[in-house]
Amino acid sequence: MVGSFRHSRVNRTFRKGNIVSRIKPPQTVSKETEKVLDEIESAFGTAPNLFKTYAHHPALLGANWNKVKALMMEGNLSRKVKEAIAVLVSRDNCCNYCIRAHTAALKSIGVSDEEIRNIEENIEKANFSGKEKALISFARKANVAPLKISHSDYGSLREAGPSDAEIIEALGVMELFASFNKFIDSLQIDIDF
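By the UniProt record's numbering, the letter at position 68 of the sequence shown is numbered 68, and the numbering carries on one by one without gaps.
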């Protein structure tokens with residue numbers, strides 16, 4: 001059953017200590033890139049190092065920012081559901097940067113420390129509907145073991161009632177953060193919040 005999926009982080013460790021970013025954000029950027037970074041800063045209060053690093057490749061910066069806006073700021077799923085997917089995918093992928101960023105995002109929308117613990121430790125105890133729990137668990141399993149998603153897993157998800165668009169959105173959030181996790185950790189981007 002999708003809702004009961006649990007992932008073991010066997011032999012995975014989180015980065016600790018002072019990590020020096022392998023590629024620093026550029027010192028100067030084009031006017032177009034500056035506009036994108038200003039838009040990001042306006043949305044988040046700061047332009048995170050992730051996006052500043054993408055500024056070395058303006059087309060990727062723009063594409064990733066547009067994807068963040070489409071998935072995290074628009075759509076049918078609640079921000080809490082999307083931030084929970086971001087945190088859990090990042091935990092499974094051991095990305096401290098995204099864990100911190102999206103734990104902070106959950107707090108910024110009023111999610112308590114106790115509820116964050118429930119999200120991280122046992123999604124069944126978290127304050128989500130059955131449909132939301134099924135979507136979160138399915139996205140998490142898709143991140144960790146997509147080829148092990150059975151017809152039964154998919155059937156259980158469908159029984160919980162999400163629309164096709166909601167399934168695609170949940171998987172889009174998973175895919176966004178799986179790629180961010182790999183990009184951030186490959187370059188050891190400095191945690192800046």
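Even glycine gets a Cβ: it sits at the ideal position worked out from N, Cα and C.
So is residue i buried or exposed if we call it buried at 16+ other beta carbons inside 10 Å?
i: Ser179; result: exposed
i: Ile191; result: buried
i: Ala63; result: exposed
i: Glu124; result: exposed
i: Pro146; result: exposed
i: Val111; result: buried
Residue i and residue j: beta carbons closer than 7 Å?
i: Ile119; j: Ala84; result: yes
i: Ile168; j: Thr53; result: no
i: Cys98; j: Phe177; result: yes
i: Lys107; j: Val173; result: no
i: Ala47; j: Val29; result: no
i: Leu187; j: Ile23; result: yes
i: Asn127; j: Glu114; result: no
Residue i: which of the options sits nearest, CA to CA?
i: Glu166; options: Met72, Leu77 and Tyr154; result: Leu77
i: Leu61; options: Arg79, Val36 and Ile109; result: Val36
i: Phe43; options: Ala126, Ala105 and Pro146; result: It should be noted that the sequence gives Ala, not Phe, for residue 43. If we check each option's Cα against that of Ala43, Ala105 comes out closest.
i: Ser156; options: Asn181, Glu175, Asn143 and Gly130; result: Gly130
i: Thr33; options: Asn49, Leu50 and His57; result: His57
i: Lys143; options: Phe193, Arg91 and Arg100; result: Before going on, a small fix: residue 143 reads as Asn here, not Lys. That would be Arg91, whose Cα lies nearest to the Cα of Asn143.
Between the segment 122-139 and the segment 160-167, can you find at least three pairs of beta-carbon atoms closer than 8 Å? A contact exists between the segment 160-167 and the segment 122-139.
How do the segment 61-70 and the segment 81-98 stand: do at least 3 beta-carbon pairs fall below 8 Å, yes or no? Too few Cβ pairs lie closer than 8 Å, so no.
What ranges does the alpha helix (DSSP H) occupy inside the UniProt domain "Carboxymuconolactone decarboxylase-like" (64-140), keeping only unbroken runs of at least 4 residues that lie completely in it? 79-92, 96-108 and 113-121
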